[in-house]
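When we follow our numbering, the leftmost residue of the sequence shown carries the number 42, and every step to the right adds one.
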Amino acid sequence: PAAGHEVLHVVRGRMELVTADRRRRLGPGDTALVPDGTWHRDAFDTHEGLDILYCAFDWPAATRYFEQVSNDTIAALDGDRRAQWTAMFDQLRSDTRGDGQADRALLRVRLLAVLLFLLREATGRPSREPSSASRQLMLRAKQYVHAHYAECVALDDIAEALDVSGYHLSHVFSRESDFSLFAYLMQVRMDKAKELLAAGGMNVSQVSRAVGYQDPNYFSKAFRRHVGLSPRQYALRHGR
């Protein structure tokens, strides 16, 4: 069947998604859902340009899905959920280069993960036993990451600074935030690297060291896996 539902994720530029009852402004990192049959048009400045990740799909469960999930679900994502959401799209973009059967299957899995992530947010996350101590430990770990991401830090370094075991910290962080401490450190570093590359004035080696990587080649490989572009390509595309 023809794929009629759409997901629009803005990578660069700005646009307005105009529907019959609403105008939604979207900028870099913003996402919109357009269910099949929704009248809409996209408005953007042709001089500024627009780079979007466009996904079209068909799904037997879509009618029930869109009864529970809307663009308001995306707008309600908080800081941690927003970071996780952005990382999922970075990963989706990085997997769009191949055209083999396995590549297409992987893209479908990535897109399904995006859709189910929103469904979980809309229908309520599993309840957890209140644990202020665990949450405080998770927040302290995040603060440490933001203060020391430019250093060569590992799980044991963070655990030692917080006076807990590496195993305990890893377990608590994953439970409280739904992603690993390593994934969070990677996200913080990649976000800062994208910011520095877009600002200009630093070469790849300098950006690499500024976000905690001593080996520029390793940094470049990690950046490409995470973002889908090499650091130089990202700088050329997003430079100010």
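Every residue gets a Cβ at the ideal spot worked out from N, C-alpha and C, and that includes glycine. Note that the coordinates shown come from a computational prediction; the quantities given were computed from them, not determined experimentally.
Non-local beta-carbon contacts of residue 257 in its own chain, meaning distances under 6 Å to residues more than five positions away in sequence, involve 245, 246 and 249 in chain order. Taking residue 69 as reference, the option from 242, 236 and 194 with the minimal CA-CA separation is 236. In this structure, DSSP gives residue 46 an extended state, which the three-state scheme calls strand. With at least 16 other beta carbons inside 10 angstroms of its own, residue 269 counts as buried. Straight through space, the alpha carbons of residue 79 and residue 58 are spaced by roughly 11 Å. The three-state secondary structure of residue 182, taken from DSSP, is helix. In this model, residue 216 and residue 230 are separated by some 22 Å (Cα to Cα). Around the beta carbon of residue 272, 16 or more other beta carbons sit within 10 angstroms, so the residue counts as buried. With contacts defined as CB atoms closer than 7 Å, residue 222 and residue 275 fail to qualify as a contacting pair. For residue 192, there is no enclosing alpha helix (DSSP H), as DSSP marks it with neither H nor E. Counting only runs of at least 4 residues, the segment 223 to 272 fully encloses the following alpha helix (DSSP H) elements, listed from N- to C-terminal order: 245 to 251 and 257 to 268. Taking the CA atoms as reference points, residue 46 sits about 27 Å from residue 266. The Cβ atoms of residue 136 and residue 152 do not sit closer than 7 Å to each other. The segment 103 to 110 makes contact with the segment 155 to 165; the number of CB pairs closer than 8 Å reaches 3 or more.
Assignment of beta-bridge partners to residue 92 by DSSP yields 53. Cβ-Cβ separation between residue 201 and residue 253: approximately 17 Å, too far for a contact (criterion under 8 Å). By the criterion of a C-beta distance shorter than 7 Å, residue 127 is surrounded in its chain by 70, once the five residues flanking it on both sides are discounted.
The three-state secondary structure of residue 128, taken from DSSP, is helix. Residue state for residue 154 is assigned as helix, using DSSP reduced to three classes. Counting C-beta atoms within 10 angstroms of its own C-beta, residue 131 has 16 or more neighbours from the protein chains shown and is therefore classed as buried.
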